[in-house]
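Participant: Just so you know, the sequence shown maps onto residues 14 to 252 in my numbering.
The beta-carbon is built from N, C-alpha and C at its ideal position, and this holds for glycine as well.
Quick caveat, the model's predicted, so the values are computed rather than measured.
Quick one: the structure is below, questions incoming.
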Amino acid sequence: MITPDRPILLRRNPKVSDAIALTFDDGPCPTSTAEVLDLLGEHAVTASFYMIGERVRRHPDLAMRVLREGHQIGNHSDRHAAFRGLVPSFCLKEAERAERTFQSILGVAPRFYRPPKGLIHRRVVRELRRAGYFVTTWSRMPGDYFRWHTADRISRRLARVRPGEIVVLHDGIGLRPGPDRSRTLSVLPDFIKGMKDRGFRFLSVADLLGFPLYFSVPAAGSDGHAQGTGGARQGGLAP
Ligand SMILES: [Zn+2]
């Protein structure tokens, strides 16, 4: 059973029968995030962007555009050091550093955390949960970051998406500068149309799971974008 208090990895919501959550990792990225946003806007689709703190500092305008256009912001660590993320103390510091960036640049503190490459130590999940985060991964990974995956192969994998799933695509690749996201961009319109034809709605991860999106205390200077708030921070991150 999915409840906000269980210290588990949240991958999907099996109780939802007519919606999915589309997510994008590793942005914001100047070679693709704007194009992804244009496509989502054209099709009136809401998505969730799990951003890297370092990238938000480099591209604050893009990050702000994601927020302004009504998409969910998630915390995807500060520097995407995936394997070091298995070390609890390092992982917690990374989450906290990224959170400070989101607060100072965007005025929101996302409660949804996704570990780089999905790698996380069980103890870190517990610590993050104690600090008020929801640790979310995914249930459908078409592998759009693999260089050898053709657009056809990514499309075939996307066609298997089931109700209640969290799908992960990428508008960046770690901290790699200028990654080619053309295959992701090329499969997106048909995927969205196909899902809509099947009667699916696109929800943010927060709405799919029914949990609050941001911590309830917006940073000074927030212009009221902290929709979906309501979850108070339950305690500080461990040092
Ligand atoms: Zn990532």
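Are there any heavy atoms of ligand 1 lying less than 7 Å away from the beta-carbon of G187, as far as the coordinates show?
Facilitator: Yes, ligand 1 has a heavy atom inside 7 Å of this Cβ.
Participant: With a cut-off of 8 Å, do at least 3 Cβ pairs link the stretch 163-175 to the stretch 202-222?
Facilitator: Segments in contact, yes.
Participant: Using alpha carbons as the reference points, say which of P190, G131, D184 lies closest to L52.
Facilitator: Considering only alpha carbons, the answer is D184.
Participant: Can you say whether D39 is buried or exposed, counting buried as having 16 or more other CB atoms within 10 angstroms of its CB?
Facilitator: By the 10 Å Cβ count, D39 comes out buried.
Participant: Take F124 as the anchor and find which of G191, L50, S217 has the nearest alpha-carbon.
Facilitator: The residue you asked about is not Phe; residue 124 is Arg in the sequence shown. Out of G191, L50, S217, S217 has the C-alpha closest to the C-alpha of R124.
Participant: Start and end of the beta strand (DSSP E) containing A34?
Facilitator: Looking at the DSSP string, the run of the beta strand (DSSP E) that includes A34 is 32-40.
Participant: Can you tell me whether D38 sits near ligand 1, meaning its C-beta is under 7 Å from at least one heavy atom of the ligand?
Facilitator: Yes, the Cβ of D38 comes within 7 Å of a heavy atom of ligand 1.
Participant: Per DSSP, R170 is paired with what?
Facilitator: R170 is not bridged to any residue.
Participant: What number of angstroms, rounded off, separates the C-alpha of L222 from the C-alpha of P128?
Facilitator: The straight-line gap from Cα to Cα measures roughly 18 Å.
Participant: Does the beta carbon of P129 fall short of 7 Å from some heavy atom of ligand 1?
Facilitator: Yes, Cβ of P129 sits closer than 7 Å to a heavy atom of ligand 1.
Participant: Look up F213 in the DSSP assignment and say whether it is helix, strand or coil.
Facilitator: The answer is coil: DSSP assigns F213 none of H, G, I, E or B.
Participant: Rank V138, T59, E82, V69 by C-alpha distance to the C-alpha of I179 and give the top, closest one.
Facilitator: Closest option to I179, Cα to Cα, is T59.
Participant: With a threshold of 7 Å on Cβ separation, who are the neighbours of M77 within its own chain once the five nearest residues in sequence on each side are excluded?
Facilitator: Closer than 7 Å at the Cβ level, and outside the excluded window around M77, lie L119.
Participant: Does E109 come out as helix, strand or coil in the three-state DSSP assignment?
Facilitator: Reduced to three states, the DSSP call for E109 is helix.
Participant: Does the pairing of the stretch 26-41 with the stretch 206-214 give three or more beta-carbon distances under 8 Å?
Facilitator: Touching, yes, given that three or more Cβ pairs across the two stretches are closer than 8 Å.
Participant: Less than 7 Å between C-beta atoms, sequence neighbours within five positions excluded: which residues of the same chain meet that for P27?
Facilitator: Answer for P27: G177, listed in chain order.
Participant: Quick check: the Cα distance between T36 and S61, rounded to an integer number of angstroms?
Facilitator: Taking the straight line from one Cα to the other gives about 5 Å.
Participant: Provide the residue span of the alpha helix (DSSP H) that contains L52, from first to last.
Facilitator: That run of the alpha helix (DSSP H) goes 46-55.
Participant: Within the continuous beta strand (DSSP E) that includes V181, where are the two ends?
Facilitator: Unbroken beta strand (DSSP E) run through V181: 179-183.
Participant: Cβ of H89 versus every heavy atom of ligand 1: is any distance shorter than 7 Å?
Facilitator: It does: the Cβ of H89 is within 7 Å (strictly closer) of some heavy atom of ligand 1.
Participant: Compute the beta-carbon to beta-carbon distance between I133 and C104, rounded to the nearest angstrom, for a pair I have assumed lies under 8 Å.
Facilitator: Contact flag correct, Cβ pair sits at about 7 Å.
Participant: Ordered along the chain, which non-local residues of its own chain (more than five positions away) have a Cβ less than 6 Å from that of R153?
Facilitator: Same-chain partners within the cutoff: V174, E178, V180.
Participant: Taking 7 Å as the cut-off, is the C-beta of H93 nearer than that to any heavy atom in ligand 1?
Facilitator: Yes, since a heavy atom of ligand 1 falls inside the 7 Å radius drawn around the Cβ of H93.
Participant: Please report the distance separating the alpha-carbon of A172 from that of R160.
Facilitator: Each residue's alpha carbon lies about 20 Å from the other.
Participant: Just to confirm the assignment, what range does the beta strand (DSSP E) spanning M64 have?
Facilitator: 61-64 is the extent of the beta strand (DSSP E) around M64.
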